[in-house]
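Residue numbers (our numbering), protein chains in the order written: chain A, 140 to 442; chain B, 3 to 334; chain C, 7 to 385.
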Amino acid sequence: MFIEDVFAGAVRYGSSVIFATQGEVISERAGVINLGVEGSMLCGALAAFATASATGNAVLGIIAGTAAGALLASLHAFLVLWRGANQLASGLAISFLGLGLTAALGVNFVSKQITGLGAIEIPVLSDIPIIGKGLFAQDALTYLALVLPFILVFVLSRTKWGLILRATGERPEVVRAYGYDPRRVRAVAVTIGGALAGLGGSQLVLAYTLNWVENVTLGRGFVAVALVIFGAWKPVQAALGGLVFGAALSLQLQLQARGVDVSIWLLQMTPYVLTLLVLTVTSRRQSQQIPEGLKAVFGGSPS
Amino acid sequence: MTATTPAAPSAAPLVQLAKKHAGWFGPLVCVVVILSVIPFLGISVPDVLIRSCPLLLTALAVAIPARTGLVNVGGEGQFVLGACGAAVFATAVSESTPSPVAIVVIAIGGIVFGGLWAGLSALLKVVAGVNETISTLLLNYVATLIVAYAVTGPLKDPEAANFPIGSPLPDRARLPMIGDVHIGVIVALLLTFAVAWLLNSTRWGFKARAAGGNPIAALRGGLPVAALIVGALLLGGALAGLAGALEVMGPDGRLRQGLGVGFGFLGFLASWLAMHRPGWIVAAVVLIASISVGGDSLQIDLGLPATSVYVVTATVLLVVLGWRGTRSGEHH
Amino acid sequence: MKITRPARSAAAFSAAAIALSASLAACGSDDASEADAGGAKKATIGVLYVGPHTDFGYNQAAYEGIQELKKSMPDVEVLEAENVPETAEASRVMEKMIKDGATVIIPTSYGHYQPALEVAAKHPEVNFLHQGGPEAVKPNLGTYFGQIYEAQYLTGIAAGLSTKTNKLGYVVAFPIPQTLLNINAFELGAKSVNPAVKTTVVFTANWCDPAKQTEAAKSLLDQGADVLSQHQDCTKTIVETTERAGAMSVGYHADASKLAPKGWLTGSVWNWGPLYTKMVEAALSKDFASSPYAGVYRVGIEDPTIAIAPFGASVSDETKAKVEETEKAMRAGELKAFTGPIKDQSGKVVIPAGESPDAAALESTDYLVEGVVGNIPKS
């Protein structure tokens, strides 16, 4: 019962973040770090909510949210790749832009009701003890979030596009030799990353909270960036990080309701502390896992 | 220093002085222009100066490591942990402590906690090779959670009936005001000059910049790169932590969740805008602070949430970032 | 002297930013001057809300009270600011309102207290009416609030009679006395008609985070709670989540029944309008310092400021009768929510038999009563 509830809560609470981590993995594996994920998630969330509110159609909301996230991220891609802007600065500024824009434009949507995405329970499978409720009684987008990491692993390791993407992040000169423009590949990667972040924001408001308030994501975008590091730039591990993020809250709620005293704050530190521990212990190997293209962003001094 | 042929006997030293400090002229003009214009827009100059204080320091916290070749994105965390440190040291201040001593003690609390927090990243880098961009970024989250834990637990105000807020600082520990502005503004400005001097006119500054410019050559040249890294990050964290302490002793008066949210990132952006040069940092900070204070009226006058002002801030930054880039598009 | 590229950029964009801010400021002052030209107002007051007025909760209650005040005092201009954070920011908003002519300021959130004190010290000619503050230490600052937990006792009765699982749920932010009193009153009211009932409480450590609220509500529903109440600023998310799960809702601060057509039972609501009007009249007069509103002013259920929301369609007639009968007794002062013997979760008697602590004594509550499941977090 208890573990089942914690697990189900972890998946529910973490699924929007999982989308963002997958998007950021794509972007960073191509060699561009995008701190604007937070902005993309917020823009995606508002666009999705506003569209669903105006049209009554959640699917249109999903499309709008994904597009909004992609649009904002494309600005980052333009600034970084065509104007040579510093990646960290550009991303941060874009997150601020997203926060301000959505705060201003979202004022009228705070009290609106929408029909969001309902839960789709898969019969039989959702009765499996412990994991059934968490894996098989969720909304459609959460199912996508659970499957996406594996799709991404497949795409990255076994398809031509995945190879080009990875090569762009590791050996752009090779990519050029084969006739592809690394800059365009990166731009596409960043935009897809933003689209997925927007999708995450859409899931958050369309399937989970069904409500919009200013800054509804409360930092999930930045968390996703940290979780990509936690997952060593690998899709499935980064998604697991999203589950750890979700579990930290879910565990605290379930424990506390059962009379066990546990600090909500200390539990929420788990993903970050774990990441730092892992990095400290494995750093020689870890630093080889940072995509080559990112090493320039992460400073040039010797470790 | 090049030798100059003496022109008129009295002008030469002045000309040399002006040339030496020419780097401050441009920023000075910008600042004067901004501060003269904003009152006509209903933006209060004292409010802008007060808002500039923490931003100056968090920007310097980015600039010093940057000139050493390091990326410090941890200003947010170093700031709030410094505020936390200030609150901790404030408990040691008793009824009889004279005001200047109390303020200095609390400021030291901020400096120590902020410095150690950045020092943690430095340590991880030097000992375990953990990239400092990553570790400072991650430690931001941890710091925010630590402060949340503190104000709901150990540092919670016993008089506030379980509201998650720190104890108010005694009046004696609040920053004295000069007119409508607290002295933290002066402190921040003086520190800016000090940092400029440190980076440009001292041996340490020279070594740090050398390590930043070409780390491999620096190592080969025998520079103590590890010590320089640690020193730069410690200094940066100390400044950000001091900003947190000043904010607690100045406008806010107590530790709370959400104190100084965004200041670390805005300082990061200001430093980038100014290419990490202390003079231009002042101008960038005054600009950002002016926009920020201008946004306070948005709610009352236009019914927009105050956060909306980030649209203006971000647009200005993005335009400058985009305008200034190298056209070849190589990222750096 | 060479003007470097960054210098040129910075100058250009300072100009752009100033131009942009100028147009924003110009828009703003146009609106303000139009409002003034509309008709000479006798006085100006300023109101601060910590969140949006559409939150179906704390801020909406305050907002609705202010709209009523506007109707009953048409020659008073009311400046309103929403989403004002509980930091030094609030001081700046108050200063701006004073600069715009406000002579009475109403900060409606607890966390606006410290900023209000500082601004009050600088402006002795302006009177402050702070909602929820702990004390009134300045002659020009008074605090007001209400013992809404007494209404929550009544809603507890409705919950106790309507629950099928005997499990109630409560989502709250922090273990402040107001919250603990609400939870306790709710459980006591429910237990008074249904001794087997238990209330599980979860703390989100946040006043309005929709995601945490959703997860908290779901975790309670997962455990079998079929009536949920809350102490949050914005109530919409939890009420809707509960409704979608087919469970019942007890609201708080404001009437959110239209969000839960099937499951709405009732709720505790504020009826601030009449009180606001009385207080502002006193604050605009010369005799504010001697009025009760300049001190620590609290109202109980004898005052119409404290009320319960209309019943939902699913509430049975017997339940309605029981609630209304109890309400009558409470409003007449014959019955109090906290009348001993009352035990805390450990079984210790915290209110001896026959005793009814007054409001001031209750404001230091630091325990949860027997029947409440869940610990008070230490951090």
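Glycine included, C-beta positions come from ideal geometry on N, C-alpha and C.
- Annotation for Asp-232(C): Thr-169, Lys-170, Thr-171, Lys-173, Ala-253 and Met-254 place their beta carbon closer than 7 Å to its own, counting only its chain and skipping 5 residues before and after.
- Taking 8 Å as the cut-off, the Cβ atoms of Ile-113(B) and Gly-243(B) count as close.
- Contact with chain B is found for Leu-85(C), since one of that chain's Cβ atoms lies less than 8 Å from the residue's Cβ.
- Pairing Gly-380(A) with Ala-159(A) gives a Cβ-Cβ distance that is not under 8 Å.
- The residues Val-145, Gly-148, Ala-149 and Tyr-152, in chain order, have a CB closer than 7 Å to that of Ser-389(A) in the same chain once the five nearest residues on each side in sequence are set aside.
- When the five nearest sequence neighbours on each side are left out, the beta carbons in the same chain lying within less than 6 Å of the beta carbon of Ala-164(C) are those of Leu-271, Thr-272, Thr-325 and Val-329, in order along the chain.
- Leu-234(C): not part of any alpha helix (DSSP H); member of the beta strand (DSSP E) spanning 233-237, first to last residue.
- Under the three-state reduction of DSSP, Ala-371(A) is assigned to coil, being neither helix nor strand.
- The three-state secondary structure of Ile-142(A), taken from DSSP, is helix.
- Nearest CB-CB separation between Trp-119(B) and chain A: not below the 8 Å threshold.
- Within the segment 87-118 of chain C, the residues whose Cβ lies closer than 8 Å to any Cβ of chain B are, in chain order, Ala-87, Glu-88, Asn-89, Val-90, Pro-91, Glu-92, Thr-93, Ala-94, Glu-95, Ser-97, Arg-98, Val-99, Lys-102, Met-103, Asp-106, Tyr-116 and Gly-117.
- Taking 8 Å as the cut-off, the Cβ atoms of Ile-357(C) and Gln-153(C) do not count as close.
- In the three-state reduction of the DSSP assignment, Glu-260(A) falls in the strand class.
- Nearest C-alpha to Leu-75(C) among Gly-63(C), Asn-89(C), Thr-50(C) and Ile-182(C): Thr-50(C).
- Rounded to whole angstroms, Ala-285(B) and Leu-62(B) show a C-alpha spacing of 13 Å.
- With distances taken between CA atoms, Ala-336(A) lies nearest to Ser-213(A) out of Ser-213(A), Gly-257(A), Glu-143(A) and Thr-190(A).
- Comparing alpha-carbon positions, the option among Pro-298(C), Val-379(C), Thr-185(C) and Asp-239(C) lying closest to Asp-372(C) turns out to be Thr-185(C).
- In terms of beta-carbon proximity, Ala-122(C) stays away from the interface with chain B, with every pair separated by 8 Å or more.
- One Cα belongs to Gln-395(A), the other to Ser-385(C), and the distance between them is close to 12 Å.
- Counting only Cβ-Cβ distances below 9 Å, Val-73(B) has contacts in chain A at Leu-227, Val-436, Phe-437 and Gly-438, in chain order.
- Around the CB of Val-420(A), fewer than 16 other CB atoms lie within 10 Å, so the residue is classed as exposed.
- Chain B places no beta carbon closer than 8 Å to that of Ala-367(C), leaving this residue out of the contacts.
- Annotation for Pro-29(B): Gly-281, Trp-282, Val-284 and Ala-285 place their beta carbon closer than 7 Å to its own, counting only its chain and skipping 5 residues before and after.
- Contact with chain C is absent for Gln-376(A), since none of that chain's Cβ atoms lies less than 8 Å from the residue's Cβ.
- With a minimum length of 4 residues, the unbroken runs of alpha helix (DSSP H) contained wholly in the segment 181-263 of chain B fall at 186-203, 205-215, 217-222 and 227-249.
- Residue pairing from DSSP leaves Pro-140(C) without any beta-bridge partner.
- DSSP places Asn-133(C) within a strand segment (E or B) once states are collapsed to three.
- Here Ala-67(C) is not near His-237(C), since their CB atoms are 8 Å or more apart.
- As the crow flies, the alpha-carbon of Arg-359(A) is around 11 Å from that of Ala-217(C).
- In the DSSP assignment, His-215(A) falls within the unbroken alpha helix (DSSP H) covering 197-216.
- Residue pairing from DSSP leaves Trp-274(B) without any beta-bridge partner.
- In the DSSP assignment, Phe-192(C) falls within the alpha helix (DSSP H) that extends over 183-199.
- Apart from the 5 residues on each side of it in sequence, Tyr-64(C) sits with its Cβ closer than 6 Å to the Cβ of Asp-239 and His-259 in its chain, given in chain order.
- DSSP, reduced to helix, strand and coil, places Ser-320(C) outside both helices and strands of the structure shown, so it counts as coil.
- About 6 Å separates the beta carbon of Ile-303(A) from that of Val-314(A), a gap short enough to meet the 8 Å contact definition.
- DSSP places Gln-158(C) inside the alpha helix (DSSP H), whose first and last residues are 155-168.
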